[in-house]
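In the numbering used here, the protein residues as written are 3 to 182.
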Amino acid sequence: MQADLERVLIPRDAIARRVRELAEEIAATYGTDAAGLVMVPVLSGSLIFVADLMRCLPFKMRIAVLTVSSYRGATTSGGEARLVADLNTDIAGRHVLIVDDILDTGRTLRVVRQRLAALKPASLRICVLLRKPGKAPSDVQADFAGFDIEDAFVVGYGLDYNDQYRNWPEIGVLRPELYQ
Ligand code: IMP
Ligand code: MG
C-alpha cells in the first residue's frame with residue numbers, strides 16, 4: 003500500500019492532534035446544547051475520522067449514519083451525489099452535526115444538508131476533516147474543518163481511491179500513474 007503513495011501529506015500524529023483540537027472547538031461551540039447532539043457521519047469516507055473524533059467528545063451523544071454514493075470517475079470530482087441509505091434516527095428538534103471526510107466541490111454535502119434540513123433539526127452544522135480551498139460554493143461551507151489542503155487527490159484515514167486505501171493511517175497523495 004505504501005508503495006502506491008507519492009508522499010505523506012499529513013502524518014498520523016498531526017491528524018491525531020488536530021482531531022483533538024476539533025473536538026474542543028465543537029464542544030465549545032455547542033456548549034450546553036451538546037447534550038443530545040446527534041452526529042451524522044457520511045459513510046464510508048468519514049468512518050475513521052468520526053470514530054476518533056467522537057471519542058474525544060466528553061458528553062453524551064448519538065450517532066446516525068447516512069450513506070451517500072457519489073458517481074465520480076476515478077479521482078475526479080463532480081459526480082452526482084445520491085443517498086443510498088437514509089437515517090435510522092429521528093433528528094427532529096435535535097442539534098445535528100454532519101461529519102464528512104472532505105469538502106471538495108460541495109455536491110455531496112449539499113445533498114446531505116438538504117435531506118437533513120427537511121427533517122427539522124434544531125440546528126445543522128458541518129464538520130469535515132479536509133477541505134480543498136476555494137472549490138465549494140458559498141452555500142455549502144464547513145463550520146469545522148481540520149485541514150485546508152492543496153488540490154491533490156489524497157487517500158488514507160478513511161479516504162479512498164476505488165474503495166481502497168481507507169485503512170492507511172496517514173493522509174497521503176496517491177501516485178498519479180495509478181489514477182485511471
Ligand atoms: P464533493 O461532493 O465534490 O465535495 O466530494 C466529496 C466526496 O468526494 C468526499 O466525501 C470523498 O468521498 C470524495 N473525494 C473528494 N476529493 C477526494 C480526495 O482527494 N480523495 C478521496 N476522496 C475524495
Ligand atoms: Mg470516496
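Cβ atoms here follow ideal geometry from the backbone N, Cα and C, with glycine treated the same way.
Model, not experiment: these values are computed from the prediction.
Helix, strand or coil: which one does DSSP assign to residue i?
i: Y32; result: helix
i: L55; result: helix
i: D6; result: helix
i: I151; result: coil
i: D15; result: helix
i: R64; result: strand
i: L180; result: helix
i: L49; result: helix
i: T110; result: helix
Could you please give me the residues that DSSP links to residue i through a beta bridge?
i: G158; result: L161
i: F146; result: C129
i: G174; result: V10, V157
i: P43; result: V101
i: L85; result: V70
i: Q166; result: Y163
Looking only at C-alpha atoms, which of the options sits nearest to residue i?
i: F149; options: L7, P60, A16; result: A16
i: T69; options: L55, S48, K62; result: S48
i: K134; options: Q116, P123, V156; result: V156
i: D145; options: E152, D153, S125; result: S125
i: L59; options: V67, G38, S140, L132; result: G38
With a threshold of 7 Å, establish whether the CB of residue i neighbours any heavy atom of the ligand IMP.
i: V156; result: yes
i: G148; result: no
i: S72; result: yes
i: T31; result: no
i: I104; result: yes
i: L111; result: yes
i: G136; result: no
i: D162; result: yes
i: T69; result: no
What I want to know is whether the C-beta of residue i ends up closer than 7 Å to one or more non-hydrogen atoms of the ligand FAD.
i: D141; result: Looking for the ligand FAD in the displayed structure turns up nothing; the ligands present are the ligand IMP and the ligand MG.
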